[in-house]
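Residue numbers (the working numbering): 4 to 157.
All C-beta atoms in this analysis are idealised placements derived from N, C-alpha and C, irrespective of residue type, glycine included.
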């Protein structure tokens, strides 16, 4: 992965705020020609600095999914326990993200559910069946603060 300079970091900052910004506007904001700006973006995409682009959905409607943040503590932190847990997590697409953590818990997971009943099913059928789990601590999100910044707020 190449070292990022100030201009690259500015490009990334602006793309995080509005990934649909035109290349011409992005180039003007970071002080590059459009071709130089596009070249930098392509390099960051090719090297994996930029892994993709996404759409932020309006979470204020009734059909919005609820993000649940789950802290998992394992019985042990041996390589075997970590490997078995991670392999099991990969088999469940309901688990959207999984981070190995430092601090009070071993893993932080994120799932999205339509309601508490759906989370109860995931808790019973998936989370409590993951290998080596000692403790599960779940929190339901109220609102994704960063998802709302695309409404002209910077």
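Alpha-carbon spacing of residue i relative to residue j, whole angstroms
| i | j | result |
| --- | --- | --- |
| residue 156 | residue 81 | Because residue 156 sits at a pLDDT of 49, beneath the cut-off of 50, its placement in the model cannot be relied upon, and the following sentence gives the value as read from the coordinates. Straight-line Cα distance between these residues: approximately 45 Å. |
| residue 39 | residue 83 | 47 Å |
| residue 136 | residue 97 | 17 Å |
| residue 8 | residue 139 | 41 Å |
| residue 32 | residue 54 | 22 Å |
| residue 10 | residue 20 | 16 Å |
Proximity below 7 Å, CB of residue i to CB of residue j
| i | j | result |
| --- | --- | --- |
| residue 111 | residue 122 | no |
| residue 56 | residue 30 | no |
| residue 113 | residue 72 | yes |
| residue 75 | residue 116 | no |
| residue 91 | residue 134 | yes |
| residue 129 | residue 95 | yes |
| residue 149 | residue 109 | no |
Boundaries of the beta strand (DSSP E) in which residue i is found, first to last residue
| i | result |
| --- | --- |
| residue 140 | 136-143 |
| residue 99 | 98-103 |
Sheet register partners of residue i (DSSP bridge)
| i | result |
| --- | --- |
| residue 74 | 111, 140 |
| residue 44 | DSSP lists no partner for residue 44. |
| residue 116 | 69 |
Range of the contiguous alpha helix (DSSP H) that encloses residue i
| i | result |
| --- | --- |
| residue 93 | 82-93 |
| residue 26 | 26-33 |
| residue 10 | 9-20 |
The ligand FAD heavy atom lying under 6 Å from the CB of residue i
| i | result |
| --- | --- |
| residue 18 | The ligand content of the structure shown is nil, which means the ligand FAD is not present either. |
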